[in-house]
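Below: one structure, written as C-alpha cells.
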Amino acid sequence: MTSDRVLQTLLQSADPSIRWKSRVLVLGETRESSGIRELEREVRRSPRVRTLFARRDKRGLLRGIPNPYTKWQGAHWVLATLADIGYPRGDRSLFAMRDQVLHRWLAPVYHREFEATTAAASYGKAGVPRMRGRYRRCASQQGNALYFLEKLGIADERSDALAERLLHWQ
Numbered sequence: 001m002t003s004d005r006v007l008q009t010l011l012q013s014a015d016p017s018i019r020w021k022s023r024v025l026v027l028g029e030t031r032e033s034s035g036i037r038e039l040e041r042e043v044r045r046s047p048r049v050r051t052l053f054a055r056r057d058k059r060g061l062l063r064g065i066p067n068p069y070t071k072w073q074g075a076h077w078v079l080a081t082l083a084d085i086g087y088p089r090g091d092r093s094l095f096a097m098r099d100q101v102l103h104r105w106l107a108p109v110y111h112r113e114f115e116a117t118t119a120a121a122s123y124g125k126a127g128v129p130r131m132r133g134r135y136r137r138c139a140s141q142q143g144n145a146l147y148f149l150e151k152l153g154i155a156d157e158r159s160d161a162l163a164e165r166l167l168h169w170q
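If you read the sequence shown in this note's numbering, its first letter stands for residue 1, the second for the next number, and so on.
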C-alpha cells in the first residue's frame, strides 16, 4: 500500500481523532481553520471521549479515582489522552481535573530534596533524591502535564511552577 493510500484510508476513518491527527500532524492544517475546529467538535462528542468522561461527577472530577496518576484512568492520563486526540482547546469543564493534577505535581514533596548514596536509599524517603549531584526524578510526569495543559489551552500561572521544577531538576 502506498503512503498516499494509507493517508487516504486514515482521512476516511470513522474515528474523528484519527482524521484530526492525519490532517493536523501529517498534512499540517492549522487548528484555527474552520474544518479542524469542526473536527475537534466531533472529537469532543466521540465515543472515546464519552468513555474517558464516563466517571466524571458534577464538579468535573473522576469518581472513585482520587489519585490523578492512577494508570490510564486518573485525571493525568485522561487529560494527556485528550491532548493527543485533538480535543478542543479551552474547555473550562476540564479545570477540576487540571487542578487535581497540578495539586499532585506541585505538592510540597516535589520541593523536598535529600541526598541519597544508593538507589535503594532514594526509595526510602519522601521527596526528590539527589545522587552524585544529579536529581533522580521521572520528569516525564510534570513534563507531560505541562504539555497537555498547553495543548488543551487550560494552563494557568501554575504551569510556570511546573516548568521551574523541570528546569531545577536538570
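Here a beta-carbon is modelled for each residue, glycine too, at the ideal position from N, C-alpha and C.
- Secondary-structure assignment with DSSP links residue 131 through a beta bridge to 134.
- DSSP, read as helix, strand or coil, puts residue 56 in strand.
- Between the region 121 to 134 and the region 89 to 104, the count of Cβ pairs shorter than 8 angstroms is below three; the stretches do not touch.
- Each residue's CA atom was taken as its position, placing residue 17 and residue 101 some 24 angstroms apart.
- In the three-state reduction of the DSSP assignment, residue 32 falls in the coil class, being assigned neither a helical nor a strand state.
- Using a Cβ distance threshold of 9 angstroms, residue 76 and residue 145 count as a contacting pair.
- Under the 8 angstroms Cβ criterion, the region 59 to 74 does not count as touching the region 35 to 46, having fewer than three qualifying pairs.
- Annotation note: the region 36 to 95 contains the following uninterrupted alpha helix (DSSP H) runs of length 4 or greater, listed N- to C-terminal: 47 to 53 and 75 to 84.
- In the DSSP assignment, residue 113 falls within the beta strand (DSSP E) that extends over 113 to 115.
- Here residue 115 is exposed. Its C-beta has fewer than 16 other C-beta atoms within 10 Å.
- The C-beta distance from residue 141 to residue 105 rounds to 6 angstroms, short enough to meet the 8 angstroms contact threshold.
- The beta carbon of residue 87 sits closer than 8 angstroms to the beta carbons of 40, 43, 44, 49 and 152 from its chain, once the five residues preceding and following it are set aside; these are given in chain order.
- When the beta-carbon positions are compared, residue 27 and residue 7 come within less than 9 angstroms of each other.
- Cβ-Cβ separation between residue 148 and residue 83: approximately 4 angstroms, consistent with a contact (criterion under 8 angstroms).
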